[in-house]
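Numbering (this note's numbering), first residue to last: 1 to 1136.
Heads up, the beta-carbon is just placed ideally off N, CA and C, and yes, glycines get one too.
Since the model is a prediction, treat every value here as computed from it, not as a measurement.
Here is the structure we will look at.
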Amino acid sequence: MVEVATTTTATTTAAMTAIATTTTTDDDDDVKIIWYQLLRDEQITQLSLVLGAVQLMPSKSADQVVLERRLRPIYGRAGFLPLLWAAIDSWNNRKAIQEADKVLKKHPLTHCAKALKALALIRIDRSSEAWPLIEEIEANLEELDEGTIVVTCHSFKEAFTPERICSLYERICASQPKNERNLTQLFMSYVRIRNYQLQKKTALSLYKEFPRNPYYFWSVMSVVMQVNHQSKYFSASFVWKLNFKMLLHVLQSCSARYVSGNGIFALSDPGLAKTMYLPLAEKMIRKMIDSNAIKAEAECDLYALVLQKSGKYEESANFLENDPLYKRYSQQPKNLLLYRILYLHMVAKNYLVVFEKCYQIIDEMADDWHIWEGMQNAAFQRMQEETCTKEEKEMLVERMVEKVSFIINSNIVFDGKRRLRGPYIARLALLMRLLENRVITAAELSTHELGDPVKLLLDYIHMFYALPCCFCDVSVFVTLLSKEQIATFLEKVLQSVSMVRKKHIVADDGGDEKLKKPEPLKWFEILYHRMRRAVGDLDHMPPQSKRLLASELTRLMESSKDSSLAFAAYAQLISYLFWDLYTKHGSNRYQCGQKLFLVLDDACALFEMILFLESVQSVSPDYTCRLMLCRAYGLIGAVNQVQRLLQLLDIKYVQRDTLGYFLFGLFEQYGRYNAAIIYYTELTLFFDQSEKEISESVVTAYENGSFLQIPRLIEFLDAINHSLIATGADIENRALSACFAVDKSQHIVETLFGDEGLIDFGAVQDNRDLFAIVSFEGGHIRSVIEEEKSKSFQEQRNSYADNAVRISSCDSAYLKVACLKLKNLLLRCVAATGIQDITAEKFSGFLTELKAQYEFCKSQYGRNYEESKLMQSPPPVYITEFLYGGDLDLLIVLLTTASDLLESSSKIDGHQVYGSVDEALRNCVPDAGSLEKTVAELVKCPIEWKKTLHFHNLLRHCSRVVQTLTLATITLKLLGSLVERLYCDIVKPKKGSKKNLCSSFFAKITECVQKGANDIGSMLGEAENLLKNRGQIFPEVDFDDGEELSDYLVKQKQFVEDGITCRNLFREFLNHHMCDRYETLDTEIVVDLLLILNRVTLELVGNMFYSVLVMGYGAYFALLFLEKLLPMIQRSWLLE
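Put into C-alpha cells, the structure is as follows:
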C-alpha cells in the first residue's frame, strides 16, 4: 500500500512508479489514467483524496467493489475527473452538493459521497446539516475506505473540531491495532490538540510495532513538550460526563488550566520538568546513543535541546561543538552553529569562554556584528561579577580596545570591493559601553585612546554617508556628544556636505553651472537633516522656522524625484516637522467631571500633514508615508481612509495582528457599527484559520523530523491565540453584534455572554509592532518604545497582585487590556440578567467583579491624563471618557436593579397577594429623577467640537452614547423579562394577569432613555447645520511657506475634499437591524438618531479628508431627502 504522504511529496515519475506497483487489475488501469491526469494538472489536493479513496481497507467487501464499478459513469470525459471531486477541489461547494445528491439518490449507501457533501456543507456554513451525515458515516466505521476517512477528517478540520479526528482514529485503531498508517494519523491527531501524553503513548506503540527511529523520537519530543506547554487535554464531551468529585480531581491534578469551548487544556506541574520529564527524555536519547542507533541530525539536535532545557547548557554546547556524533550528521551552516554555541555558553555564564571564542574568530568574521556584540556582552557581564578583579577588568578592556584598533588599522576592513562597517560600529559601541558601565567618565571621552566621539562619528560619516543605512548606524551613538559638541558636530557635517556638493557642480555647454545630484550627495544631505533631528537641534526651533525648513526640504525632495527611496526619506522628514507643529506647539484642555483631558489642537498642521502625504503617495507610494497617514487619519476618526491605506499596503496574514492596531477600535469609536462587525468577524475567522494552519505546520514538523521548530511553532501558536487583537476582536464583536445585529432576546444573551469560557487576561500577549513607522530620534529610541510597551504589559499582568503604579501616557497595551476586561465583565453582567436560571448569589458575583474592575481602572488613571505624542503610538483608546462620562454609572444602576430584584424575590413568600408582591418588586426600581440626571450627564458633550477639524469629537461622543443607550435598552428589556419571570415564579397568576407589568415598572426609566436619545438627535441636528459651512470644518491652509511646498499642499486638496460621493448611503442607514434594539423608544426619534449619526459618521468622520464641500452639501441634501422619505416608510418595517 502506498501512503498518501509519499505520493503528494514525490515527483511525477516517482509517484507513477509507486502507483504502478500498487495494483495490477484491469479496473485499476482507469485509476492510473486519472492519477496521471491529476499529477499533470498539479491537482495535489484532489490527488491525495482520490488516492485515499482507492486504497481500500482490508475489510472491504465484494459489494463495495461492485458499487465502485457502478460509480464509474459519474467520471467526466475530460481527463476522467469525477465531477464531485472536481467541485470539491475547486471549492465549488454548491455544485459539489448537487453532484453528491445525484450519487446518493442512486446509491444511498455511498459513504464517500456523504463525506464529500458534509465537507461542502461545512464550507458554506451549514454545519447543522453536515453533522447528521458525519454521524451516519461514523456509525458504519467498518465499511469506510481510506478516502472517506480522509474527507471526514477534512470536515473536522474545516469545522474547527480537531478532537473528533482523535475519536475517529481511536475507533479505527481499536479495530486495526497494527495498521501503521492509522496509528500515524492517530498520533498526528493528538498533535493537533496538543495532547502530549497520548502522543507519547501512540508513538511508543508505533515504535514497538514498527521499530523506526522517527517514531521513537516522536515519543521523546512528546515528553519534552510537556515541560512548558499544555500537557493534558480533556474534551468537552468528556468533561460533561464527569461528576463533581471526578472533575475536581481532574482540575486539582494540574497546576493551571485554560478553559475553551472545546474542552480543558491543563498545564502540568512545573516541578515535574526537572524531576521527571527532562531526565526521562535524556535517558531515552542516551539509550539510542549508546546503542549507536542515531541516524540523523534532527535526533542530535533534539538531544542538545533536552540538555538545554535541563539547564545543562555547557554540556549541550560541548555536544554541538566537540562530539563526533554531531559532527558526523551536522549540516548546519558554520555561523549559525557558532551563534547557538555562544548563546549556550552565555546562558551558562561562561563569559570568558564566549569572550575568547569571539576574540579568536573575529579576524575571520570582522563584519559580523553578532560576534562583536557577543564579545562585548561577555566582557561586560564578566566585569559585573563579584569574582572579577580590577586587574582582570583592565585586561578585558585593554584586549577589546587592542582588537578593534588592530582590525581598523589593518587591511581586514577592506575586502577589495567595499569597506567593512562592523569594526567601526564596534569601536563606537565599545566607547558607549565603557561610558555606560562607568569604566571611563564623560570628561575622559575626548582623550581616550579609542578617539574623540566627534571625530569617530565624523570619520564614520565620511566613509559611509552614501549608504542609506548610515543614519541607523550612527543615530544610536549621538548620546556620546555633549551639548557643547553638538553645534560643532553639525557644522562639520554641513561643511562636508558642501564639499561633496562642489564636486558635482559642472559647467554645461553654455558656460552656466549646473548642479547634478547623484545618489551619494542625496543621501549625505538626508543624513545631515536626520542628524539635526537626532541630536535635538529642532526641539527648540520656533514654529515659523520649522515651516521654512519644511519648505527647504521640499525643494530638496523635488530634486530627488528620480530616486523613490530618497524622495520618501525627505517626505518622512517633512511629515515629522508637521507632526512637531501638531504635538508640540498647540494643546487645549477640557474637563469632564473632575477629570482633565489634554487635546492636541494645532489642526492646521495636522491637515497640512495629511494633504502633503496624500500628494507624496500619489507621486511615489511609500509604506512609511502610508502608515504615517494612517496615524494621522486615526486621530480624527477617518476610518475609511485608514482602511483604504491598509488595503493599499496589502496588510495580511500575521501583519493583521502586528499592524492591526492602526485600525482596531476605530470603527465603533466613530459609529461605523456594521463595518466594525464585519471587520471583527473577519479577524476572528483569521485567528481561527491561523490556529488550524499552524497546527498543520506542527504536524509537518513531526513528519519531517524538524524537532527544533516544534517549540517555536507552539510558542507562535500561543502568541496568536492569546493576542491582544484576537481577544479584543472577540469582545468587540460580541458587544456590537448583540447591540446592532442579533434579533432575538435569547440570542442577544448568548452573544453578550460569549461561548469561550473565562478569558485569561493575564495570558494576553502584546504582538503589536510599534516600530513599523521609522523614527529619527537619537539614542536608544527602539529600547525606549520597547521598554514602555513591556512595562505597561507587565503592570497589567500583575495589576491585582501588587497594585501596580500609575501608567504613563504611552502604555497603550495596558489601556487596551484594561478597557477590554472592563467591557467583557460588563457584557457578561448584562447577559446574566437574561439567563433563565440565574440566582441572586451568582448575579451578585458578576456585579461585584464588574464594580471592582471599574474602581480599579479609575484608581489607575490619574486626573491629568495626556494622549501619547509619539508618532509610533496606536490610535488613542479614550478609556477615561468611558470611565468618567457616565456610561458605566447608568448601566451599573440598571444592573443593581436586577440584583435587587433577584435578592428581593428570594425573600418574598409565595402566598403573598399580588399587591404586596408588586410593591416589593417595585421598590427595587431606581428613582427616575436621579437616573434622568445620570442620562443627562452622559449625553452632555464636554469636548469642543465646533472648531475646525474637531467635528470627530462630537461623533466619537455620540457613538459612545448610542452604544451605551443601546446596552441600557437591552438591559431594560431583560429587566422586564426578569420581572415577569419572577412574578410568575412567585404568584403563579392566571393567563393574562401579568399583562403590561413590565411597562408599568420601567415606564419612567424608558422615558429617561428616550429623552437622552432625543438630546443626541438634537445635538446631531445642530451638527447637520455645521455641514453647510465648509470653513467651519476644515482649517485654512497657509500657502506662504514656499512655492514647492504650497504646490504639494494644493495638489491633492481637491481630491481630498471631493473624493467621496453620497451614493449608497441611506441603504446602510435604514438597515432594520440597526433599529430593533430601540423598540422601547419612540420610533421617529430612533430613526432620526440613527440616520443623522450614521450619515455624519460615514460621510464626515469615516472619510473626513475625502469629502469637504461636495460631501458636506451632499450629506445635507441627502438628509433632507430622507426626511421626506421617512413618512412613506411603514413603522412596522423599521422595527420588524
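query: In this structure, does DSSP put Phe414 in helix, strand or coil?
result: Phe414: strand per DSSP, three-state reduction.
- prompt: Are Leu949 and Ala603 touching if we call contact CB-CB under 8 Å?
  reply: Yes. Within cutoff.
- prompt: Quick one: is Met57 buried, meaning 16 or more other Cβ sit within 10 Å of its Cβ, or exposed?
  reply: Low confidence applies to Met57: its pLDDT is 38, below 50, so where it sits in the model is not reliable, and the reading given next is rough at best. Around the beta carbon of Met57, a 10 Å sphere encloses 16 or more other beta carbons of the protein chains shown; the residue is thus reported as buried.
- request: Give the straight-line distance between the Cα atoms of Leu521 and Ala550, rounded to the nearest whole angstrom.
  value: In a straight line, the C-alpha of Leu521 is about 19 Å away from that of Ala550.
- prompt: Among Leu635, Gln332, Ala118 and Leu119, which has the Cα closest to the Cα of Leu606?
  reply: Shortest Cα-Cα distance from Leu606 to any of Leu635, Gln332, Ala118 and Leu119 involves Leu635.
query: With distances taken from CA atoms, which of Asn767, Ser906 and Ser899 is nearest Ile986?
result: Nearest Cα to Ile986 within the set Asn767, Ser906 and Ser899: Ser906.
message: Pairs of beta-carbons, one from the region 561-569 and one from the region 535-547, closer than 8 Å: are there three or more?
response: With the rule of 3 Cβ pairs closer than 8 Å, the region 561-569 does not count as touching the region 535-547.
field: Contacting residues, own chain, Cβ-Cβ under 7 Å from Ile759 (five flanking each side not counted)
entry: Thr727 and Asn824, listed in sequence order.
- request: For the alpha helix (DSSP H) containing His950, list its first residue and its last residue.
  value: Unbroken run through His950: none, as it is neither H nor E.
Distance CB(Gly662)-CB(Leu646) smaller than 8 Å: Inspection of the sequence shows that residue 662 is occupied by Phe rather than by Gly. Pairing Phe662 with Leu646 gives a Cβ-Cβ distance under 8 Å.
message: What does the alpha-carbon distance come out to for the pair Arg123 and Val749?
response: If you draw a straight line from the Cα of Arg123 to the Cα of Val749, it is about 27 Å long.
task: Per DSSP, which residues does Ser723 bridge with? Please list them.
output: Looking at the DSSP assignment, Ser723 forms a beta bridge with Gln765.
query: Given a threshold of 16 other Cβ atoms within 10 Å of its Cβ, counted over all protein chains shown, does Pro875 qualify as buried or as exposed?
result: Buried.
field: Pairwise C-alpha distance: Ala701 and Leu302
entry: Distance between the alpha carbons of Leu302 and Ala701 is about 13 Å.
field: Residue environment, Leu1098, which counts as buried when at least 16 other CB atoms sit within 10 Å
entry: A caution first: Leu1098 carries a pLDDT of 35, below 50, which makes its placement in the model unreliable, though a value can still be read off. Flag for Leu1098 reads buried.
- prompt: Per DSSP, what kind of secondary structure is Arg828 in: helix, strand or coil?
  reply: Three-state result, Arg828: helix.
query: Using the beta-carbon count (16 or more within 10 Å), is Gly665 buried or exposed?
result: With 16 or more other Cβ atoms within 10 Å, it is buried.
query: Could you give the residue range of the alpha helix (DSSP H) that holds Met395?
result: For Met395, the enclosing alpha helix (DSSP H) starts and ends at Lys390 to Ile408.
query: Leaving out five residues before and five after Leu430 in sequence, what residues of the same chain have Cβ atoms less than 8 Å from its Cβ?
result: The answer, listed in chain order, is Gln376, Met400, Val401, Val404 and Leu450.
- prompt: Taking DSSP as the reference, what is the three-state secondary structure of Arg421?
  reply: In the structure shown, Arg421 sits in coil (DSSP, three-state: anything other than H, G, I, E or B).
query: Would you call Leu752 buried or exposed, if buried means 16 or more other Cβ atoms sit within 10 Å of its Cβ?
result: Under this definition Leu752 is a buried residue.
task: Identify which residue in Ala928, Tyr582, Leu490 and Glu391 has its Cα closest to the Cα of Pro543.
output: Closest option to Pro543, Cα to Cα, is Tyr582.
Nearest-angstrom beta carbon gap, Phe160 and Lys692 [assumed within contact, 8 Å]: With 8 Å as the limit, Lys692 and Phe160 qualify as a contact, their Cβ atoms being about 7 Å apart.
Pair within 8 Å by beta-carbon distance, Val224 and Ala304: It is not a contact, given that the beta carbons lie outside the stated cut-off.
message: Short of 7 Å in beta carbon distance, which residues of its chain neighbour Asp1015, apart from the five on each side in sequence? Order them along the chain.
response: Taken in chain order, the residues that qualify are Val939.
- prompt: What are the uninterrupted segments assigned as alpha helix (DSSP H) that are 4 or more residues long and contained completely in the region 417-464, given in chain order?
  reply: Here the runs fully enclosed are 422-436 and 453-464.
- prompt: Beta carbon of Tyr854, beta carbon of Leu822: below 8 Å?
  reply: Between Tyr854 and Leu822, the gap from beta carbon to beta carbon is short of 8 Å.
- request: Decide yes or no for the touch test of the region 101-119 against the region 136-156: beta carbon pairs closer than 8 Å, at least 3 of them.
  value: Output reads yes: the region 136-156 touches the region 101-119.
message: For the alpha helix (DSSP H) containing Ile97, name the first residue and the last one.
response: Counting along the chain, Ile97 sits inside the alpha helix (DSSP H) bounded by residues Asn93 to Lys106.
field: Span separating the alpha-carbon of Gln641 from that of Tyr653
entry: About 21 Å.
query: Smallest Cα separation from Thr733: which of Leu198, Glu715 and Asp755?
result: Checking the sequence, you will find Asn at residue 733 rather than Thr. Ranking Leu198, Glu715 and Asp755 by Cα distance to Asn733 puts Asp755 first.
Helix, strand or coil at Arg1148 [DSSP, three-state]: Because the chain here runs from 1 to 1136, residue 1148 falls outside it and cannot be looked at.
- prompt: Ordered along the chain, which non-local residues of its own chain (more than five positions away) have a Cβ less than 6 Å from that of Ser737?
  reply: Hits under 6 Å: Ile677 and Thr751.
query: Can you tell me the Cα-Cα spacing of Tyr190 and Ala378, whole angstroms?
result: Tyr190 and Ala378 have their C-alpha atoms roughly 42 Å apart.
field: Beta-carbon proximity check, Ile694 vs Ile725, cutoff 8 Å
entry: Ile725 is positioned such that its CB atom lies no closer than 8 Å to that of Ile694.
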